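Asks:
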Amino acid sequence: MTDNKNTILAIVLSALVLIGWQFFFAMPQEKARQEQLQAQQQKQGAPAPSQPDQTPPAPAQSGTPQIPGQAAAPTAAAPVNRAAALAASPRVPIATDNVQGSIALKGGRIDDLALVRFRETVDPKSPPVTLLSPSGTADPFYAEFGWTGGSNSDLKLPTSETVWTRTGSGALGVGQPVTLTYDNGEGLAFRRTIAVDDKFLFTIKDEVTNKGANPVTLYPYALISRHGTPQTLGYYILHEGLIGVLGDSGLQEFTYKNIEEKKLVNFDVTNGWLGITDKYWAATLLPDNTARLKARFSTGMLGNIRTFQTDYLLDAQTIAPGATTVANGRLFAGAKEVQVVNDYDRQLKLNRFDLLIDWGWFYFITKPLFIVMDYFYRLVGNFGLAILIVTVLIKIAFFPLANKSYASMAKMKAVQPQMMAIRERFADDKAKQQQELMELYRKEKINPLAGCLPIAIQIPVFFSLYKVLFVTIEMRHAPFFGWIHDLSAPDPTNIFTLFGLIPIDPTVLPVIGQFLHLGMWPLIMGVTMWVQMKLNPAPPDPAQAMIFNWMPLLFTFMLASFPAGLVIYWAWNNTLSVLQQSVIMRKHGAKIELFDNIKAMFEKKKAS
29 MTDNKNTILA IVLSALVLIG WQFFFAMPQE KARQEQLQAQ QQKQGAPAPS
79 QPDQTPPAPA QSGTPQIPGQ AAAPTAAAPV NRAAALAASP RVPIATDNVQ
129 GSIALKGGRI DDLALVRFRE TVDPKSPPVT LLSPSGTADP FYAEFGWTGG
179 SNSDLKLPTS ETVWTRTGSG ALGVGQPVTL TYDNGEGLAF RRTIAVDDKF
229 LFTIKDEVTN KGANPVTLYP YALISRHGTP QTLGYYILHE GLIGVLGDSG
279 LQEFTYKNIE EKKLVNFDVT NGWLGITDKY WAATLLPDNT ARLKARFSTG
329 MLGNIRTFQT DYLLDAQTIA PGATTVANGR LFAGAKEVQV VNDYDRQLKL
379 NRFDLLIDWG WFYFITKPLF IVMDYFYRLV GNFGLAILIV TVLIKIAFFP
429 LANKSYASMA KMKAVQPQMM AIRERFADDK AKQQQELMEL YRKEKINPLA
479 GCLPIAIQIP VFFSLYKVLF VTIEMRHAPF FGWIHDLSAP DPTNIFTLFG
529 LIPIDPTVLP VIGQFLHLGM WPLIMGVTMW VQMKLNPAPP DPAQAMIFNW
579 MPLLFTFMLA SFPAGLVIYW AWNNTLSVLQ QSVIMRKHGA KIELFDNIKA
629 MFEKKKAS
């Protein structure tokens with residue numbers, strides 16, 4: 029039957045897409061998750077590898093002043109724990125409702141930052157997420173601002189070893205900036221004022237006063253440096269690494285592996301920003317959108333440690349005797365919350381700063397889908413419920429198309445006796461048979477591909493929702509009801525452990541272990557898909573019937589490792605599809621085959 033064949037074709041294609049998705053994305057994600065877990069355990073229980081406590085040198089550009097850096101020490105000191113590294117330098121504390129940490133007076137770096145609203149696990153008592161860490165620890169990650177002289181300059185300028193003096197007291201907080209000063213003793217006085225807003229934006233105002241007798245030329249710079257290659261999920265749909273939107277060059281994304289191969293990438297642009305991003309967190313430099321930047325993505329080695337750096341150099345400023353010059357810089361260091369990122373993009377007139385969040389190629393679908401879901405979340409207070417509401421809206425939006433599709437399928441069921449007669453009459457002439465069938469479709473206004481449309485519509489929405497669940501921090505640790513505490517993670521229950529009654533972990537078994545995690549929601553999804561299959565008459569061909577019977581089971585196992593929010597969406601969508609198809613088919617006089625098919629299945633088993 030043509031309608032069954034088309035439906036089977038659509039299902040098989042969908043299965044191939046999902047199998048590919050499972051192989052290329054879901055399996056690497058699970059592998060990366062296990063590696064991250066092992067790395068965290070090793071970090072807690074074992075000493076970290078040796079690493080120098082120095083700023084990585086930035087690769088030189090011909091004719092361009094060098095951003096300060098130091099060569100690696102011949103022998104690298106072993107890293108110390110975080111508390112010891114923080115105690116090695118006098119510090120100014122940072123305390124807001126969103127971030128806590130400190131600024132090192134040695135080097136004037138912003139290198140200690142924790143995001144207090146975000147925890148490492150779903151347990152609210154787990155430690156806050158650490159974003160920035162100082163040199164000397166296992167994973168240095170910091171921002172630095174300053175001045176550099178001309179290529180032949182012998183000026184004494186602040187470096188990573190310079191100890192600044194704090195004026196005043198108290199922590200850096202919202203509406204409470206801090207001021208650092210340094211005098212080089214050779215006629216230059218430096219003053220740095222650092223402010224922070226109520227989210228994740230640091231504003232740096234660097235002033236230099238020339239107290240000497242001769243003019244001085246300096247270049248403002250800023251950098252973000254990361255030591256060591258961090259653990260990443262490492263697959264295609266998510267960018268982790270160096271990122272920026274740089275003038276007419278547009279969005280630039282370099283994974284850690286990419287930049288290792290290229291070593292150095294230069295840009296000479298205006299209206300740009302750049303930094304280093306993780307899945308949910310980022311540290312980025314946000315210069316003024318009118319500033320001309322000599323920007324760079326680079327990598328290098330400090331001893332045996334790979335370093336990664338994004339930096340920019342501004343135009344030279346010549347300071348006359350007795351004069352003062354100013355350079356302004358901004359640093360975003362925090363969580364990539366959609367509303368926060370959008371607000372900074374608009375308020376600071378940045379160049380597509382919203383692309384800091386990896387919306388993917390289907391940006392025009394993915395971001396609006398999130399905005400709608402977020403709107404309903406603010407109404408109902410639960411992202412799971414928001415997914416259910418958005419699914420209903422999608423069904424309503426595509427109702428005219430689905431109505432035509434199901435109506436065409438109903439008509440096709442009504443003319444099946446005529447179709448069978450044509451096949452029997454022209455059994456030996458396939459060309460004539462197809463010609464007569466097409467004439468019948470035209471006469472009865474039937475679309476033979478109608479069975480494919482409901483599934484074809486669902487696929488782009490499915491992948492867009494997957495992207496939303498995967499990349500937006502708002503979905504991280506977002507609960508539903510019952511046992512679902514994180515919609516962005518797989519269903520934590522497992523039928524193979526009798527939902528926790530058997531104290532084993534079958535997922536650690538080699539080869540097959542990754543398929544032995546099957547939660548309650550994937551089971552619910554499988555049942556709804558099975559019911560949807562049984563809504564249609566059983567195919568007469570045994571091979572087709574076998575595909576129909578096994579497809580729900582195959583999808584159940586494939587979706588078991590997908591985010592719980594996606595599985596909930598699929599189960600709910602299947603349920604709505606069953607109701608919608610039943611109503612439309614009944615309206616057009618087609619028989620609902622659901623109970624007959626289920627009854628026939630059990631009768632066959634009984635007969636066997």
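Using this note's numbering, read the sequence shown as starting at 29 and increasing by one per residue.
Beta carbons are placed, not taken as given, at the ideal position from N, Cα and C, and that holds for glycine.
Small disclaimer: the values here were computed from a predicted structure and weren't measured.
1) Measure the alpha-carbon distance for Ser90 versus Tyr340 and round it to whole angstroms.
2) If I'm right that Leu216 touches Leu133 with Cβ under 8 Å, what's the distance once you round it to whole angstroms?
3) Note the first and the last residue of the continuous alpha helix (DSSP H) segment covering Asn601.
4) At 4 residues or longer, and completely inside the region 322-408: list those alpha helix (DSSP H) runs for me, N to C.
5) For the alpha helix (DSSP H) that contains Tyr469, what are its first and last residues?
6) Starting from Tyr247 and walking both ways along the beta strand (DSSP E), at which residues does that stretch end?
7) Using only CA atoms, which one of Pro518, Ile532, Gly275 lies nearest to Phe524?
8) Just how far apart, CA to CA, sit Ile415 and Leu607?
9) For Phe325, collect the residues of the same chain with a Cβ closer than 6 Å to its Cβ; drop the 5 residues on either side in sequence, then sort them by chain order.
10) Sorted by chain position, which residues of the same chain lie with C-beta nearer than 6 Å to Lys423's C-beta, five sequence neighbours on each side aside?
11) Starting from Trp549, trace the alpha helix (DSSP H) in both directions and tell me its first and last residue.
12) Three or more beta-carbon pairs under 8 Å between the region 247-264 and the region 371-391, yes or no?
13) Straight-line CA distance for Ile399 to Arg614?
14) Between Tyr249 and Ala319, what straight-line distance do the alpha-carbon atoms span, to the nearest angstrom?
15) Go through its chain and collect everything with a Cβ distance to Ile474's Cβ below 6 Å, but skip five positions before and after it.
16) Is DSSP giving Glu281 helix, strand or coil here?
17) Could you tell me whether the region 571-589 touches the region 495-505, using the rule of 3 or more Cβ pairs below 8 Å?
18) Can you confirm whether the region 547-558 touches the region 588-603 when touching is taken to mean that 3 or more C-beta pairs between the two stretches lie within less than 8 Å?
19) In three-state terms, what does DSSP make of Val127?
20) Would you kindly work out how many angstroms separate the C-alpha atoms of Leu279 and Lys460, rounded to a whole number?
21) Can you tell me the Cα-Cα spacing of Ile450 and Glu467, whole angstroms?
22) Would you mind sorting Trp578 into buried or exposed? The rule is 16 or more other CB atoms within 10 Å of its CB.
23) From the DSSP output, which residues share a beta bridge with Trp301?
24) State the DSSP-derived secondary structure class of Val443, mapped to helix, strand or coil.
25) Using C-beta distances below 7 Å, list every residue in its chain close to Val369, excluding the 5 sequence neighbours before and after it, in chain order.
26) Along the chain, where does the beta strand (DSSP E) containing Arg137 start, and where does it finish?
27) Would Ile393 pass as a contact of Asn238 if the rule is Cβ separation under 9 Å?
28) Helix or strand or just coil, what does DSSP make of Asn431?
29) For the pair the region 149-165 and the region 108-122, tell me if three or more CB-CB distances fall below 8 Å.
30) Distance check for Gln446 and Val366, CA to CA, integer angstroms please.
31) Indicate whether Gly412 and Gly593 have their beta-carbon atoms separated by less than 9 Å.
32) Measure from the alpha carbon of Lys285 to the alpha carbon of each residue in Ile138, Ala199, Arg334, then state which is nearest.
33) For Lys227 and Ala310, which I take to be in contact (beta-carbon distance under 8 Å), what is that distance rounded to the nearest angstrom?
34) Under 9 Å, do Pro520 and Gly547 count as touching if we go by C-beta distance?
Replies: Reading from the atomic positions:
1) Sequence index remark: in the sequence shown, residue 90 carries index 62 (1-based). Sequence index remark: in the sequence shown, residue 340 carries index 312 (1-based). Reliability of the predicted coordinates at Ser90 is poor, the pLDDT of 40 falling under 50, and the value obtained from them is presented with this limitation in mind. C-alpha separation (whole angstroms): 15 Å.
2) Counting from one through the sequence shown, the residue named residue 216 turns up at place 188. Counting from one through the sequence shown, the residue named residue 133 turns up at place 105. The C-beta separation of Leu216 from Leu133 comes to about 18 Å, leaving the pair out of contact by the 8 Å criterion.
3) Within the sequence shown, the letter at position 573 stands for residue 601. Asn601 -> alpha helix (DSSP H) spans 592-615.
4) 366-375, 391-408
5) By 1-based counting over the sequence shown, the position of residue 469 is 441. 458-472 is the span of the alpha helix (DSSP H), which, as asked, contains Tyr469.
6) Taking the sequence shown and counting its residues from 1, the one referred to as residue 247 is at position 219. First-last of the beta strand (DSSP E) with Tyr247: 244-255.
7) On the sequence shown, residue 524 is found 496 positions in, with the first residue counted as 1. Here the closest residue by C-alpha is Ile532.
8) Walking along the sequence shown from the start, residue 415 turns up at place 387. Walking along the sequence shown from the start, residue 607 turns up at place 579. Between Ile415 and Leu607, the C-alpha separation is close to 18 Å.
9) For the purposes of this step, residue 325 is taken as residue 297 along the sequence shown, with counting starting at 1. Taken in chain order, the residues that qualify are Leu270, Phe282, Ile287, Val293, Thr338.
10) The count along the sequence shown starts at 1 and reaches residue 423 at position 395. Within the same chain, Lys423 has close Cβ partners Leu604.
11) Indexing the sequence shown from 1 puts residue 549 at position 521. Looking at the DSSP string, the run of the alpha helix (DSSP H) that includes Trp549 is 548-562.
12) no
13) To locate residue 399, count along the sequence shown from 1; it is residue 371. To locate residue 614, count along the sequence shown from 1; it is residue 586. Straight-line Cα distance between these residues: approximately 36 Å.
14) Within the sequence shown, numbered from 1, the residue matching residue 249 stands at position 221. Within the sequence shown, numbered from 1, the residue matching residue 319 stands at position 291. Roughly 12 Å separates the two Cα atoms.
15) As a working mapping, residue 474 is identified with position 446 in the sequence shown. Excluding residues within five positions, the ones whose Cβ falls inside 6 Å are Ser436, Lys439, Met440.
16) The residue labelled residue 281 in the question sits at position 253 within the sequence shown. In this structure, Glu281 counts as strand in the three-state DSSP scheme.
17) In this structure the region 571-589 does not touch the region 495-505; the number of beta carbon pairs closer than 8 Å is below three.
18) yes
19) Locating residue 127 in the sequence shown gives position 99, counting from the first residue. Three-state DSSP puts Val127 in a strand.
20) On the sequence shown, position 251 is the one that residue 279 refers to. On the sequence shown, position 432 is the one that residue 460 refers to. About 55 Å.
21) Position 422 of the sequence shown, counted from the first residue, corresponds to residue 450. Position 439 of the sequence shown, counted from the first residue, corresponds to residue 467. Roughly 11 Å between the two C-alpha positions.
22) Numbered from its first residue, the sequence shown carries residue 578 at position 550. Using a 10 angstroms sphere on the CB of Trp578, the tally of other CB atoms stays under 16, which defines it as exposed.
23) As a first step, residue 301 must be located in the sequence shown, where it is residue number 273. Looking at the DSSP assignment, Trp301 forms a beta bridge with Val273.
24) Translated into the one-based positions of the sequence shown, residue 443 becomes position 415. Coil.
25) Here residue 369 is taken as the residue at index 341 of the sequence shown, counted from 1. Contacts found: Phe381, Asp382, Leu384, Ile385.
26) Mapped onto the sequence shown, residue 137 falls at position 109. Neither: Arg137 is in no beta strand (DSSP E) and is coded neither H nor E.
27) Counting from one through the sequence shown, the residue named residue 393 turns up at place 365. Counting from one through the sequence shown, the residue named residue 238 turns up at place 210. No, the pair does not count as a contact, with Cβ atoms beyond the cut-off.
28) Here the question's residue 431 lines up with position 403 in the sequence shown. Helix, per DSSP.
29) Note that the region 149-165 touches the region 108-122; at least 3 beta-carbon pairs, one per stretch, sit closer than 8 Å.
30) Indexing the sequence shown from 1 puts residue 366 at position 338. Indexing the sequence shown from 1 puts residue 446 at position 418. In a straight line, the C-alpha of Val366 is about 56 Å away from that of Gln446.
31) The residue given as residue 412 occupies position 384 in the sequence shown. The residue given as residue 593 occupies position 565 in the sequence shown. It is a contact, given that the beta carbons lie within the stated cut-off.
32) Residue 285 sits at position 257 when you count from the first residue of the sequence shown. The residue among Ile138, Ala199, Arg334 with its C-alpha nearest the C-alpha of Lys285 is Arg334.
33) The residue you call residue 227 lines up with position 199 of the sequence shown. The residue you call residue 310 lines up with position 282 of the sequence shown. Not quite, the Cβ-Cβ distance comes to about 13 Å (not below 8 Å), so this is no contact.
34) Your numbering for residue 520 matches position 492 in the sequence shown. Your numbering for residue 547 matches position 519 in the sequence shown. At a Cβ-Cβ threshold of 9 Å, Pro520 and Gly547 count as neighbours.
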